[in-house]
Amino acid sequence: MSDRTWEFVDTNVLVYANDLTAGGKRERAADLVSAIWKQRSGCVSIQVLQELYVNLTRKVPQPLDGRPASRIVTDLAQWRVHSPQPTDLEAAIEIHLQNRISFWDAMIIRSASRLGCSRIWSEDLNPGQIIAGVRVENPFA
Numbered sequence: 041m042s043d044r045t046w047e048f049v050d051t052n053v054l055v056y057a058n059d060l061t062a063g064g065k066r067e068r069a070a071d072l073v074s075a076i077w078k079q080r081s082g083c084v085s086i087q088v089l090q091e092l093y094v095n096l097t098r099k100v101p102q103p104l105d106g107r108p109a110s111r112i113v114t115d116l117a118q119w120r121v122h123s124p125q126p127t128d129l130e131a132a133i134e135i136h137l138q139n140r141i142s143f144w145d146a147m148i149i150r151s152a153s154r155l156g157c158s159r160i161w162s163e164d165l166n167p168g169q170i171i172a173g174v175r176v177e178n179p180f181a
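When the letters of the sequence shown are read in order and numbered with this note's numbering, they come out as residues 41 to 181.
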């Protein structure tokens, strides 16, 4: 059994880490992602990888071409990746209803929980909150 602490990184943090226009948030996010790479403790979900590709190619002020964005996503797919199953959908609905968070955030929390993550890095949730056994941390707070 491993003593490794698994860390889930939400889409927004990964977008900032790769957005050249994000200023200080880019630096903080890039430092966090780099540290997670070094610790080999990174986790994401298929949902995060999908959202990342769309955001990097369409929604940032200076969108990337498809190939560079694809390389970023492919690199991150080397981390532990959760691919939700129907039971995860049911559990996410419960998380959504019990915690009054968006369904999509609940899916992220469910993925982090299924991967055994102790924390999730996100600016979209309340820092310090523990949901489904996963502590929310905001790298920009």
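Backbone N, C-alpha and C fix where the C-beta goes; we use that ideal spot for every residue, glycine too.
- Non-local beta-carbon contacts of Lys65 in its own chain, meaning distances under 7 Å to residues more than five positions away in sequence, involve Tyr56, Phe180 in chain order.
- The closest CA to that of Ala172, considering only Arg44, Ile141, Leu155, Ile135, is found on Ile135.
- For Val49, the secondary structure class from DSSP, reduced to helix, strand or coil, is strand.
- Residue Thr45 holds the alpha-carbon nearest to the alpha-carbon of Ser81 among Thr45, Met147, Pro124, Ser151.
- Asn58 is classed as buried because its beta carbon has at least 16 other beta carbons within 10 Å across all chains shown.
- By the Cβ-count criterion, Val94 is exposed, with fewer than 16 other Cβ atoms from all chains shown falling within 10 Å of its own Cβ.
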